[in-house]
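Just below is one structure, and these are the notes that go with it.
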Amino acid sequence: MAEEVAVSDAMAVEQTLGGDRDAYRVLVERHSRTVYRMAYRMMGNAHDAEDVVQEAFLRAYQKLRQFAGNANFGTWVYRIAANYAIDRLRQRNTEEARRERPSTTGEDSLEVDPLSQAQDMSPSPEQLARSAQLGERMKAALAGLSPAERTAIVMRHWDGCGIDEIAEVLKSNSNATKNTVFRAVQKLRRALAPFLEGKEARAMGTEG
Amino acid sequence: MKHRTEEELIGYRYAEERERTAIAAHLKECAECRKELARIEAVFGAMDAAPVPDPGEDYGERVWQRIAPRLGERKTRWWESLFVPQRLVALGGVVALVILAFVAGRVTRPPVDQADAAKVRERVLVVAVGEHLGRTEMVLMELENAPASKGQKTINISETQRRAEDLVEENRLYRQTALKEGDQAMASTLDELERVLLDIANSPDELTPAAFETIRKRIAEQGLLFKVRVVKQGLDEQKANPDAKPAENKTRGTERKKV
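These protein sequences, in sequence, are chains W and X. So for the first sequence, the working numbering puts the first residue at 1; every next one is plus one. So for the second sequence, the working numbering puts the first residue at 209; every next one is plus one.
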């Protein structure tokens, strides 16, 4: 056991509410990476993911008094981040649609243009064979999803969130959320089909 | 044979589908649906294998550096901290005790003078702290006596942890009361207890035998169980004979003024 006594989330929240701003640091350091992983999958690039993480912790700090002490702080800040990420995705899609600019995104660029990537879902097998690592393909496939679908699949598949929890973020009901998850998987499947074609399922899990 | 839909097979993978058993039975019989499921599994496999860049071990610290200047100062009135939900539960307990002390004072010896009221209040607190120490003793004993069989990879302490979490808040309030009343010995024992309770509460549910042993060793080295029993015994004596002078706290060698 470490000599220094670890502070629980609940205690750190309490100390922060009591005016000790530095106590919040414990919470930020403890949960940033989990939130980052979700934010990266949602946003598709490191820059936007970092923005989501920072904004989520700022918002959580401002709303800390609303936080129910018997809930889990990690889950709470994750949800705030997911809400912010979906807003950002919607905003980004609207801006992209307004600009209607042609695709300028390179294969190795971190920035993903959802519209152009969506149009780039069925490149030739030769191109695929030459190009991308699985991560890049996945990033492109995710970019082809709507913000709600993307949120639903990230929360469901990678973070194992329950349907009700996802429904809350999407401001939807359970059945509609299940459908959203299904649509997301279906779209990913179509988008990844050229990449996965002709390969054994087991081999796919280890590529990239 | 009617084949399963793509939606049903995706649902099957996520264990959302109510017909999971029925689908499993169907899959046994239907090679085509098994193939389809394998193709869906390939997508999930690709999803699982898709990497997310690691932001680095110090990522949390970097986030803190970025946001700290933007947090601003949180101005808190002293009474606001009492309304933090976790503290509220413990506060509720204390309020109930004070009411009980008041009612007990009114019912048992009317009319009551101030000295008597203080005595009743003190007695109620003696009972409450004694009970708290009893519960803490149980947690410590559970850890001390937990069986660790050979070859066991992890030890589950989740039940004990939950109780430790509940005791932390309670412990803090009693420690603060003891400090306020100038009972350094009691405050010091409660402080040691609080640290161990926090350690237990913050440990993972599943402890390695080594980590588990470290907690046990710490409890033993500090003689916590012994100290709890001694203080509790003193309180029990005081409870039985409220007019007697409080017993000396043998763990510190200083006189406990009151709880």
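Note that CB positions come from ideal geometry on N, CA and C, so glycine has one too.
- Per-residue burial, K139 of chain W [other beta carbons within 10 Å of its own, 16 or more giving buried]: buried
- Message: What does the Cβ neighbour count give for H47 of chain W, buried or exposed, with the cut at 16 atoms within 10 Å?
- Response: exposed
- Task: Count the C-beta pairs between the stretch 361 to 374 of chain X and the stretch 437 to 448 of chain X that are closer than 8 Å, then say yes if the count reaches three, no if not.
- Result: no
- Can you name, in chain order, every residue of its own chain whose Cβ lies under 7 Å from the Cβ of T416 of chain X, other than the five neighbours on each side? T362
- Message: Contact criterion: CB-CB distance below 8 Å. Does Y222 of chain X meet it with respect to chain W?
- Response: yes
- Query: For L415 of chain X, does the three-state DSSP call read helix, strand or coil?
  - Reply: strand
- Query: Using the beta-carbon count (16 or more within 10 Å), is R98 of chain W buried or exposed?
  - Reply: exposed
- Tell me which same chain residues have a C-beta within less than 8 Å of the C-beta of M349 of chain X, skipping the five on either side of it? L433
- Looking at the C-beta of V271 of chain X, does it have a partner C-beta in chain W at a distance below 8 Å? yes
- Task: For R212 of chain X, collect the residues of the same chain with a Cβ closer than 7 Å to its Cβ; drop the 5 residues on either side in sequence, then sort them by chain order.
- Result: I231, H234, C241
- Query: What in chain W is Cβ-close to G431 of chain X, meaning under 8 Å?
  - Reply: What G431 of chain X touches in chain W: nothing, since even the nearest Cβ is about 17 Å away.
- So what does DSSP say about N175 of chain W, is it helix, strand or coil? helix
- Tell me which same chain residues have a C-beta within less than 7 Å of the C-beta of S32 of chain W, skipping the five on either side of it? V53
- Item | A49 of chain W beta carbon less than 8 Å from that of A39 of chain W | yes
- Query: Can you tell which of W:Y61, W:L58, W:R41, W:K178 has the C-alpha that lies nearest to the C-alpha of D262 of chain X?
  - Reply: W:R41
- Task: Name, going along the chain, the residues of the stretch 253 to 271 of chain X whose beta-carbon falls closer than 7 Å to a beta-carbon of chain W.
- Result: G253, A254, M255, D256, A257, A258, P259, V260, P261, P263, Y267, G268, E269, V271
- What three-state label does DSSP hand K283 of chain X in the structure shown? Residue confidence for K283 of chain X is low, a pLDDT of 44 falling below 50, so the modelled location carries little weight; the figure read from the coordinates is stated next. Here K283 of chain X sits in coil by DSSP.
- Tell me whether I163 of chain W sits in a helix, a strand or coil according to DSSP, three-state version. helix
- E214 of chain X touches chain W at which residues, Cβ-Cβ below 9 Å? F182, V185, Q186, R189
- Query: Which partner residues of I363 of chain X appear in the DSSP bridge assignment?
  - Reply: X:L415
- Use the C-beta contact count for E95 of chain W: other C-beta atoms within 10 angstroms, 16 or more gives buried, fewer gives exposed. exposed
- Which two residues bound the contiguous alpha helix (DSSP H) that contains Y36 of chain W? 23 to 43
- Contact check, K26 of chain W vs A10 of chain W, beta carbons under 8 Å: Reading the sequence as shown, one finds Val at residue 26 of chain W and not Lys. Not closer than 8 Å, so no.
- Item | Nonlocal neighbours in the same chain, by C-beta distance under 6 Å from T180 of chain W, ignoring five residues either side | A148, E149, A152
- Query: For the alpha helix (DSSP H) that A232 of chain X lies in, which residues bound it at each end?
  - Reply: 228 to 237
- Query: First and last residue of the alpha helix (DSSP H) that includes N83 of chain W?
  - Reply: 73 to 99
- Using DSSP with H/G/I as helix, E/B as strand and the rest coil, what is V260 of chain X? coil
- Query: DSSP three-state call for G18 of chain W: helix, strand or coil?
  - Reply: coil
- Alpha carbon of Q384 of chain X to alpha carbon of R426 of chain X, nearest angstrom: 24 Å
- Message: Please report the distance separating the alpha-carbon of F420 of chain X from that of A428 of chain X.
- Response: 13 Å
- Spatially closest choice to V251 of chain X from X:Y267, X:R221, X:V260, X:R278, by CA coordinates: X:R221
- Have a look at L210 of chain W and N353 of chain X and give me their C-alpha separation to the nearest angstrom. What the structure shows of chain W is the stretch from 1 to 208, and residue 210 of chain W is not part of that stretch, so it cannot be assessed.
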